[in-house]
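Anchor point for the sequence shown: position 186 equals 964 in this note's numbering, and the numbering is continuous, going up by one each time.
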Amino acid sequence: MKIVAAGMTDVGRKRDHNEDEFAVEPDDRLFAVADGMGGHAAGEVASRIAIQSIVEFVQSTHQNIDATWPYEYDTNLSTDGNMLRTAIWLANQKICEAVRETAEFKDMGTTVVGLLVSADRKATVAHVGDSRAYLLRDGKIRQITSDHSWVNEQCKQGFLTPDDAIRHPFRNVVTRALGSRREVIVDLAEEALQPDDRVLLCSDGLNSMLDDAAILRAAGEAGTDLEQSCGDLIAAANDRGGDDNITVILVHATL
């Protein structure tokens, strides 16, 4: 198996600095996006801590049965699932410590979505917050993750429609984030990848500007050129307003 991937980030049209961070580490089978939040540029600190911590943990623990230390290994999860969840838990601890120790970091936090691809082409996705993972397959797009956001909870309960959620003033309110509390619930999903599949990771600066059809169209215009596809996705989001920082990663696990 060969993993081909590309990632790109952009400040967008409305923000004066970029609080997103990302990692593309094909040799480690690891890909991640974090979208920071918090005043005094603290959001970019939180997202940077998250990504650096996750990368360092995964690089130091590949396929090690003790990869979840100091947490218990969950036999109901794959090794990749355990590894990715533990990496995010440890990142959360580091952000919480930074918040506690530095006054200007008060209220900072970050979302995160991470991907590990196994040798047998299984994609393990973990996330906290509203950064997303999508599966692009056979000319169709499917969201793998479910947003940890106020509007998504209202949609699930039938109080809002998806169209309402897009325009709602609370659409950017997340219900889970790293740095908000010492313990955080990490959602996990696994997908068996097919030869032509691509996985897209993104911050909400992409999907808040583009619906699924527009994302699929922009991602596919450059064919197999993933770097160009990332640029096309960011350009499309900026063309629609670029209200937030935009970060995208495209991953293709080939035979």
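Each residue gets a CB set at the ideal place from its N, CA and C atoms; glycine is no exception.
key: Own chain residues within Cβ distance below 8 Å of SER856, not counting five before or after   = Counting from 1 along the sequence shown, the entry for residue 856 is found at position 78. If we look at SER856 and ignore the five residues flanking it on each side, its Cβ neighbours are SER896, LYS900, THR902 and GLU968.
message = Let me see if you follow: with CB-CB separation under 8 Å, is HIS1030 close to chain D or not?
response = Protein chains in the displayed structure number just one, and chain D is not present.
message = Can you list, in chain order, the residues of its chain with a C-beta nearer than 7 Å to that of LYS872? Leave out the 5 residues immediately preceding and following it.
response = Indexing the sequence shown from 1 puts residue 872 at position 94. So the list reads ILE827 and SER831, once near-sequence residues are dropped.
ask   = Which one of LEU971, SER986, ILE963 and LEU966 has the shortest CA to CA distance from ASP942?
value = Taking the first residue of the sequence shown as 1, we reach residue 942 at position 164. The option with the nearest alpha carbon to ASP942 is SER986.
key: Entirely enclosed beta strand (DSSP E) segments - the stretch 802-889, minimum 3 residues   = Look at the stretch 802-889 and you find these whole runs of beta strand (DSSP E), each 3 residues long or longer: 808-815.
query = What are the uninterrupted segments assigned as alpha helix (DSSP H) that are 4 or more residues long and contained completely in the stretch 955-1021, given in chain order?
reply = 982-985, 990-998 and 1004-1017
task = Given a cut-off of 8 Å, decide if ALA824 and GLY887 are closer than it, judged by their beta-carbon atoms.
result = Taking the first residue of the sequence shown as position 1, residue 887 is located at position 109. Taking the first residue of the sequence shown as position 1, residue 824 is located at position 46. Yes, Cβ-Cβ distance for GLY887 and ALA824 is below 8 Å.
query = According to DSSP, is GLU931 helix, strand or coil?
reply = One-based indexing of the sequence shown puts residue 931 at position 153. Residue state, collapsed to three classes: helix.
ask   = Taking buried to mean at least 16 other C-beta atoms within 10 Å of its own C-beta, is GLY957 buried or exposed?
value = Locating residue 957 in the sequence shown gives position 179, counting from the first residue. With 16 or more other Cβ atoms within 10 Å, it is buried.
task = Identify which residue in ASP982, GLY821 and ILE993 has its Cα closest to the Cα of ASN950.
result = Residue 950 sits at position 172 when you count from the first residue of the sequence shown. Residue ASP982 is the option with its Cα nearest to ASN950.
inquiry  = Starting from ASP941, trace the alpha helix (DSSP H) in both directions and tell me its first and last residue.
reply    = Indexing the sequence shown from 1 puts residue 941 at position 163. Note, ASP941: alpha helix (DSSP H), 940-945.
request  = Report back the beta-carbon spacing between LEU1004 and ALA783 to the nearest angstrom; my notes put them in contact at under 8 Å.
outcome  = Along the sequence shown, one-based indexing puts residue 1004 at 226. Along the sequence shown, one-based indexing puts residue 783 at 5. Indeed, because the Cβ distance is near 7 Å, the residues count as touching under 8 Å.
key: Assigned exposure category for GLU797 - 16 Cβ within 10 Å defines buried   = Locating residue 797 in the sequence shown gives position 19, where the first residue counts as 1. Looking at its Cβ environment, which holds 16 or more other Cβ atoms inside 10 Å, GLU797 is buried.
request  = Can you give me the Cβ contacts of THR1025 inside the same chain, cut-off strictly under 6 Å, excluding the 5 residues immediately before and after it?
outcome  = Position 247 of the sequence shown holds residue 1025. Here the set comprises THR787, ASP798, PHE800, VAL811 and SER981.
task = Count the other C-beta atoms from every protein chain shown that fall within 10 angstroms of the C-beta of ASP898, then say buried if there are 16 or more, exposed otherwise.
result = Looking up residue 898 in the sequence shown gives position 120. Taking all protein chains shown into account, ASP898 has fewer than 16 neighbouring C-beta atoms within 10 Å of its C-beta and is therefore exposed.
query = Can you tell which of GLY1009, ARG954, ILE1027 and THR846 has the C-alpha that lies nearest to the C-alpha of GLU931?
reply = Position 153 of the sequence shown, counting from 1, holds the residue named residue 931. Nearest C-alpha to GLU931: ARG954.
task = List the whole-angstrom C-beta distance separating MET861 from LEU1033, where the pair is believed to meet the contact cut-off of C-beta under 8 Å.
result = To locate residue 861, count along the sequence shown from 1; it is residue 83. To locate residue 1033, count along the sequence shown from 1; it is residue 255. MET861 to LEU1033, Cβ: 24 Å. No contact.
request  = List the endpoints of the continuous beta strand (DSSP E) containing VAL951.
outcome  = In the sequence shown, residue 951 corresponds to position 173, counting from 1. Unbroken run through VAL951: none, as it is neither H nor E.
task = Please classify PHE800: does DSSP put it in a helix, a strand, or coil?
result = In the sequence shown, the residue the question calls residue 800 occupies position 22. The answer is strand: DSSP assigns PHE800 an E or B state.
inquiry  = By the DSSP assignment, the beta strand (DSSP E) with ILE922 in it spans what residues?
reply    = One-based indexing of the sequence shown puts residue 922 at position 144. Note, ILE922: premise wrong, no beta strand (DSSP E); not H, not E.
For HIS1030, the first and last residue of its enclosing beta strand (DSSP E) = Residue numbering aside, residue 1030 sits at position 252 when the sequence shown is read from its first letter. Looking at the DSSP string, the run of the beta strand (DSSP E) that includes HIS1030 is 1024-1032.
key: Whether HIS1030 touches ARG976 by CB criterion (8 Å)   = By 1-based counting over the sequence shown, the position of residue 1030 is 252. By 1-based counting over the sequence shown, the position of residue 976 is 198. Going by C-beta atoms, HIS1030 is nearer than 8 Å to ARG976.
DSSP bridge partner residues for VAL891 (one or two, in chain order) = As a working note, residue 891 is residue 113 in the sequence shown. VAL811 and HIS905, per the DSSP bridge assignment.
key: Among ARG791, ARG807 and PHE937, the one whose alpha carbon lies nearest that of ARG1018   = As a working note, residue 1018 is residue 240 in the sequence shown. Checking every option, the nearest Cα to that of ARG1018 belongs to ARG791.
ask   = Mapping DSSP to helix, strand and coil, what is LYS780?
value = Taking the sequence shown and counting its residues from 1, one reaches residue 780 at position 2. LYS780 falls in the strand class under three-state DSSP.
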